[in-house]
Amino acid sequence: MPRLTVAQALVGFLSRQFSERDGRRQRLIPACFGIFGHGNVAGIGEALAGAGADLPYHLCRTEQGMVHTAAAYARMTDRLSTLACTTSIGPGATNLVTGAAGATINRLPVLLLPGDIFATRVANPVLQELEDPRSYDVSVTDALRPVSRYWDRINRPEQLPAALLAAMRVLTDPAETGAVTLALPQDVQAEAYDWPDELFAERVWHVPRPRADEAALARAAGIVRAARRPLVVAGGGVIYSGATGALRRFAEEHGVPVAESQAGTGALPHDHPLALGAVGVTGTTAANEIAAGADVVIGVGTRYSDFTTASGTLFGDGARFVNLNVTGFDAAKLSGTQVVGDARESLAALDEACAGWGTEPAYRQSVARLRERWTAVADAARHADPDAPPTQTAVIGAVNDAAGPRGVVVCAAGSMPGDLHRLWRSRDPKSYHVEYGYSCMGYEIAGGIGVKLAAPEREVFVLVGDGSYLMLPSELATAVAEGVKLVVVLVDNSGFASIGRLSESVGAHRLGTAYTDRAGAPLPVDLGANAASLGADLIRVSTMAQLRAALATTTAATRTTVVHVRTDRFQAGPDAGAWWDVPVAEVAGTTAGRAARAAYEAGRKSRRTHLRPA
1 MPRLTVAQAL VGFLSRQFSE RDGRRQRLIP ACFGIFGHGN VAGIGEALAG
51 AGADLPYHLC RTEQGMVHTA AAYARMTDRL STLACTTSIG PGATNLVTGA
101 AGATINRLPV LLLPGDIFAT RVANPVLQEL EDPRSYDVSV TDALRPVSRY
151 WDRINRPEQL PAALLAAMRV LTDPAETGAV TLALPQDVQA EAYDWPDELF
201 AERVWHVPRP RADEAALARA AGIVRAARRP LVVAGGGVIY SGATGALRRF
251 AEEHGVPVAE SQAGTGALPH DHPLALGAVG VTGTTAANEI AAGADVVIGV
301 GTRYSDFTTA SGTLFGDGAR FVNLNVTGFD AAKLSGTQVV GDARESLAAL
351 DEACAGWGTE PAYRQSVARL RERWTAVADA ARHADPDAPP TQTAVIGAVN
401 DAAGPRGVVV CAAGSMPGDL HRLWRSRDPK SYHVEYGYSC MGYEIAGGIG
451 VKLAAPEREV FVLVGDGSYL MLPSELATAV AEGVKLVVVL VDNSGFASIG
501 RLSESVGAHR LGTAYTDRAG APLPVDLGAN AASLGADLIR VSTMAQLRAA
551 LATTTAATRT TVVHVRTDRF QAGPDAGAWW DVPVAEVAGT TAGRAARAAY
601 EAGRKSRRTH LRPA
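1 is the number of the first residue of the sequence shown in the UniProt record's numbering; add one for each residue after it.
If you want it as structure tokens, here you go:
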């Protein structure tokens with residue numbers, strides 16, 4: 001029975017955890033990111049220093065950023081592996097909240113190990129202690145409770161083994177996964193204990209592929225076989241479960257078109273004749289027109305966010321829903337017929353149950369016509385003359401071309417995700433990485449590091465607007481320090497493009513959406529110089545020809561390079577015409593405000609309840 005501190009036992013345990021699915025085994029927690037302070041340096045810091053290669057340590061620059069890195073790593077590995085993140089108490093711990101919320105919303109496993117106040121309370125109040133007058137048991141780490149799928153505080157060494165097993169279970173459960181927090185009081189971290197040998201044995205967590213109930217499959221097949229205008233909505237669950245092959249077989253065998261959520265982009269290759277591309281508020285006209293007329297919607301691994309459903313206005317009143325999902329929570333949405341199980345296994349079973357059934361040729365022809373019409377619109381948006389100033393949509397086209405079939409684009413917030421969803425052409429299910437469940441500004445560079453660490457053989461292109469860049473540029477220094485090569489395309493339009501347009505549409509006159517001084521003059525801010533000061537190579541471009549040349553250069557480079565390109569925030573990409581519910585002031589003193597409210601009332605009337613019994 002080795003005598004180790006709690007922190008040493010924690011690190012030793014984590015270094016021997018593995019996940020396995022379909023016979024493929026990998027480290028569950030291959031590394032730990034962290035920022036040290038008085039709340040974790042003597043405990044976890046000392047333990048990591050002694051662990052060496054058993055659990056490699058990486059220094060990040062912000063606590064929020066390292067959680068984004070861990071979440072991106074988990075997404076890139078289909079949730080079979082993630083990173084640990086350790087912080088001190090106080091702001092180090094509360095800085096985890098944003099990243100934890102994003103991970104949990106996006107159903108991605110991350111392990112958070114914040115320091116905490118003294119369990120013994122002998123030195124209260126310690127530096128950075130909250131001092132809640134209702135109870136001495138409350139600390140700032142309690143802020144992580146609502147954004148964690150599992151949360152525990154280790155007040156005694158004896159509590160550690162059970163908490164560790166519970167944490168690993170949640171991290172490897174595809175139906176329950178998200179942020180996992182183990183709050184570690186600083187005195188307990190350093191306390192020694194005689195641990196059982198079994199705690200440090202290699203442990204393999206087998207990630208299941210639960211099969212759906214046969215009766216549920218039979219009900220679902222009956223609905224699908226009666227459909228004349230079916231549509232598959234593919235979500236992130238298709239990609240996480242490795243179900244892209246099963247989806248393609250189902251679509252081809254039965255002639256069912258496929259539309260994709262943000263997380264599901266790449267579920268079918270963009271040039272497949274049944275691929276309609278993006279659906280919903282950021283969707284294509286082809287996908288949205290088919291969705292509006294669909295009589296059966298087969299949701300596979302989607303959580304049906306408001307962007308996917310256009311705030312409940314996209315699908316027709318008569319549509320029925322068949323939902324294949326590993327969680328009953330998501331499968332039950334929109335009053336759907338629930339098929340609870342692994343996406344790959346459920347699609348294969350549904351395919352077999354629908355043998356001999358297929359859509360009519362006229363329906364497939366209408367899908368082809370709509371695809372062709374949208375492709376022409378997208379082609380026009382993606383390209384510009386070589387000597388022309390870049391537009392945002394043309395930047396996307398150039399990056400897409402440079403990335404090729406295996407490059408990965410990373411993005412998160414602003415107007416870019418909408419244009420990307422419509423215009424990016426994926427041939428690989430891992431080539432599109434847009435965080436749009438939380439749409440967190442600042443995710444992009446930190447997320448790009450996670451993607452590159454998980455797939456070092458791929459080129460990673462980070463597309464980030466100036467507003468999002470200013471939220472978290474410091475992780476450029478992490479990329480440089482760790483030798484993680486990224487291509488960061490910094491699209492600078494001197495303000496917030498998407499919120500500016502939204503502000504104007506709701507009568508708020510673009511308030512607070514431009515980077516100007518109080519007199520309205522542009523700020524003397526040089527974001528390219530800022531990137532260079534953080535250690536990145538810098539290329540400035542002002543034409544499309546220069547942009548394409550820069551991208552060719554960066555692809556061959558070995559260091560992180562920032563390509564700084566200016567665009568016009570007033571230029572918008574093609575619109576799919578879907579509605580998004582953003583409440584508008586019911587009483588306004590301006591004509592624009594009253595018009596915005598009238599448009600809002602009209603849009604709200606098109607919402608459907610989808611309460612038809614399954």
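Ideal Cβ positions, reconstructed from N, Cα and C, are used throughout, including at glycine.
Straight across, the Cα-Cα distance linking THR609 with ASP317 is about 8 Å.
By the criterion of at least three beta-carbon pairs nearer than 8 Å, the stretch 211 to 221 is not in contact with the stretch 168 to 184. For the set SER503, PRO473 and THR478, the Cα lying nearest the Cα of VAL489 is the one of PRO473. Taking ARG203 as the centre and dropping the five residues before and after it, the same chain places the C-beta of GLN17 closer than 6 Å to its C-beta, in chain order.
Under DSSP, SER305 forms no beta bridge with any residue. Between ALA602 and GLY507, the gap from beta carbon to beta carbon reaches 7 Å or more.
Taken in chain order, the complete alpha helix (DSSP H) segments of 4 or more residues contained in the UniProt domain "Thiamine pyrophosphate enzyme central" (217 to 350) are 236 to 240, 244 to 254, 285 to 293, 306 to 309 and 328 to 331. In the displayed model, VAL584 falls within coil according to three-state DSSP, outside both helix and strand.
Assignment of beta-bridge partners to GLU20 by DSSP yields ARG25 and HIS206. Rounded to whole angstroms, ARG107 and ALA521 show a C-alpha spacing of 43 Å. Just so you know, the alpha carbons of ALA348 and ALA221 end up roughly 12 Å apart. Contact annotation: ASP295 and ALA403 have beta-carbon atoms that are not nearer than 7 Å. Remark: C-beta atoms of THR282 and THR391 do not approach each other more closely than 7 Å. Taking ALA310 as the centre and dropping the five residues before and after it, the same chain places the C-beta of GLY280, VAL281, ALA578, TRP579 and TRP580 closer than 7 Å to its C-beta, in chain order. Closest in C-alpha terms to ASP575, from the list THR393, ALA201, VAL297 and SER135, comes THR393. HIS564 is bridged by DSSP to LEU490 and ARG540.
When the five nearest sequence neighbours on each side are left out, the beta carbons in the same chain lying within less than 8 Å of the beta carbon of GLY37 are those of THR87, SER88, ILE89, GLY90, GLY92 and GLY115, in order along the chain. Each residue's CA atom was taken as its position, placing ARG364 and ARG24 some 38 Å apart. Taking the C-beta atoms as reference points, VAL207 is found nearer than 7 Å to SER19.
If you compare the alpha carbons of CYS440, GLY448 and ASP152 with that of ALA101, the shortest gap goes to CYS440. Between the stretch 435 to 451 and the stretch 588 to 598 there are fewer than three C-beta pairs closer than 8 Å, too few to call the two in contact.
Straight across, the Cα-Cα distance linking THR513 with SER415 is about 13 Å. Apart from sequence neighbours up to five positions away, the residues of its chain that approach ARG248 with a beta-carbon distance below 8 Å are LEU268 and HIS272, ordered along the chain. Here LEU511 is exposed: its Cβ has fewer than 16 other Cβ atoms, across all protein chains shown, within 10 Å. Annotation for HIS433: the continuous beta strand (DSSP E) segment containing it runs 432 to 434.
Less than 7 Å divides the Cβ of VAL233 from the Cβ of ALA259.
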